[in-house]
Amino acid sequence: MTAHAITLRLAVTRDARAIAEMSRDLIESGLGWKYDAGRILHAIDDRETVTLVASDEGRRSLGALAGFAIMEFGEDRAHLVLLAVRPTHRRRGIGRRLLEWLVQSARTAGVRSLHLELRANNEAARAFYRAMGFSETILVPGYYRGRESALRMIRMVSKPVEVPFLWQPPK
Ligand SMILES: CC(C)(COP(=O)(O)OP(=O)(O)OC[C@H]1O[C@@H](n2cnc3c(N)ncnc32)[C@H](O)[C@@H]1OP(=O)(O)O)[C@@H](O)C(=O)NCCC(=O)NCCS
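The opening residue of the sequence shown carries number 290 in our numbering; numbering runs sequentially from there.
As structure tokens, then:
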């Protein structure tokens, strides 16, 4: 399997369970299951939220998702709610592709900054987000169920490059 066999697409209703189970097992482990299938369905249906999946074309069966990301879009800010890649598919650039797709969408939508929280002891994700241009801002003690601290991170989004209007009327 190479990263080239992976395609990104918007999530559809039938992806909700697989996404929810990835959130439970890969992100929320030990914290309880907040992002269950109902909540993920809500995100998929919400017009202000993008739910993106990385689909492994080599595995035809439904649920053959290599990863996913959910981002809520506001006027100026966007919030990365969840992002995960299956352990079997990590370090192949899939997380980067998911995030860059969302960054590009945010740029096009005029968003100026991206925000996220992660479990403060999640060293792999910290390294990933730093590599993706995020900076750490504050530590929020007890953010997760009063038990675990969160680290907030931010990435500014540059404006789209303006293409000069070069057309001249014929003389
Ligand atoms: C964090 C996560 C999404 C990264 O996904 P991924 O597809 O493996 O990441 P990529 O392959 O795109 O990595 C891009 C870069 O991030 C950095 N990086 C990614 N994982 C890393 C790790 N475990 N340790 C150090 N750096 C890491 C590297 O610089 C990497 O580039 P390189 O492979 O060329 O060195 C994945 O580890 C994951 O799903 N973790 C569990 C869920 C989670 O913690 N989600 C985030 C909180 S919501």
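C-beta atoms are modelled at their ideal positions from N, C-alpha and C, and glycine is treated no differently.
| task | State the start and end residues of the unbroken alpha helix (DSSP H) segment that holds Asp325. | result | Position 36 of the sequence shown, counted from the start, is the residue given in the question as residue 325. Premise fails: Asp325 is in no alpha helix (DSSP H) and is neither H nor E.
| message | With a threshold of 8 Å between beta carbons, is Arg380 in contact with chain C? | response | In the structure shown, chain C cannot be found, because there is only a single protein chain.
| said: Quick check: the region 300-312 against the region 320-336, are at least 3 beta-carbon pairs closer than 8 Å? | reply: yes
| query | If you scan the region 330-406 from start to end, which runs of the beta strand (DSSP E) of 3 or more residues do you find wholly inside it? | reply | 338-345, 354-362 and 366-374
| query | If you draw a straight line from the alpha carbon of Leu315 to that of Gly399, how long is it in whole angstroms? | reply | On the sequence shown, residue 315 is found 26 positions in, with the first residue counted as 1. On the sequence shown, residue 399 is found 110 positions in, with the first residue counted as 1. So the two alpha carbons sit approximately 31 Å from each other.
| request: Return the chain-ordered list of same chain residues with a C-beta closer than 6 Å to the C-beta of Met442, the five sequence neighbours on each side being excluded. | output: Looking up residue 442 in the sequence shown gives position 153. Hits under 6 Å: Leu405, Tyr418, Phe423 and Glu425.
| message | Within 10 Å of its beta-carbon, does Thr397 have 16 or more other beta-carbons around it, so buried, or fewer, so exposed? | response | Your numbering for residue 397 matches position 108 in the sequence shown. When all chains shown are included, Thr397 counts as exposed.
| So the alpha helix (DSSP H) Glu317 belongs to, where does it begin and stop? | In the sequence shown, residue 317 corresponds to position 28, counting from 1. No alpha helix (DSSP H) contains Glu317, which DSSP labels as neither H nor E.
| Where Ile427 falls, given that 16 or more other Cβ within 10 Å makes a residue buried | What you label residue 427 is simply residue 138 of the sequence shown in a count that begins at 1. Looking at its Cβ environment, which holds fewer than 16 other Cβ atoms inside 10 Å, Ile427 is exposed.
| request: For Thr338, I'd like the list of residues in its chain whose CB is within less than 6 Å of its CB, leaving aside the five on either flank, ordered along the chain. | output: The residue labelled residue 338 in the question sits at position 49 within the sequence shown. Cβ neighbours of Thr338 beyond the five flanking positions: Ala332 and Glu361.
| said: Assuming Ala355 and Ile295 are in contact, meaning their beta carbons sit under 8 Å apart, how far apart are those beta carbons, in whole angstroms? | reply: Here residue 355 corresponds to residue number 66 of the sequence shown, with the count starting at 1. Here residue 295 corresponds to residue number 6 of the sequence shown, with the count starting at 1. Yes, they are in contact, since the Cβ atoms of Ala355 and Ile295 sit about 5 Å apart, within 8 Å.
| Span separating the alpha-carbon of Arg319 from that of Arg444 | Within the sequence shown, residue 319 is the residue found at index 30, counting from 1. Within the sequence shown, residue 444 is the residue found at index 155, counting from 1. Note that residue 319 is Gly in the sequence shown, not Arg. Whole-angstrom Cα-Cα distance: 28 Å.
| Is Ser394 near Asp365, with beta carbons less than 8 Å apart? | By 1-based counting over the sequence shown, the position of residue 394 is 105. By 1-based counting over the sequence shown, the position of residue 365 is 76. The answer is no: Cβ separation not under 8 Å.
| field | Whole-angstrom distance between Gln457 and Ala420, CA atom to CA atom | value | Position 131 of the sequence shown, counting from 1, holds the residue named residue 420. Position 168 of the sequence shown, counting from 1, holds the residue named residue 457. Ala420 and Gln457: Cα-Cα distance of roughly 43 Å.
| Secondary structure of Met442, DSSP reduced to three states | Counting from 1 along the sequence shown, the entry for residue 442 is found at position 153. Note: Met442 maps to strand in three-state DSSP.
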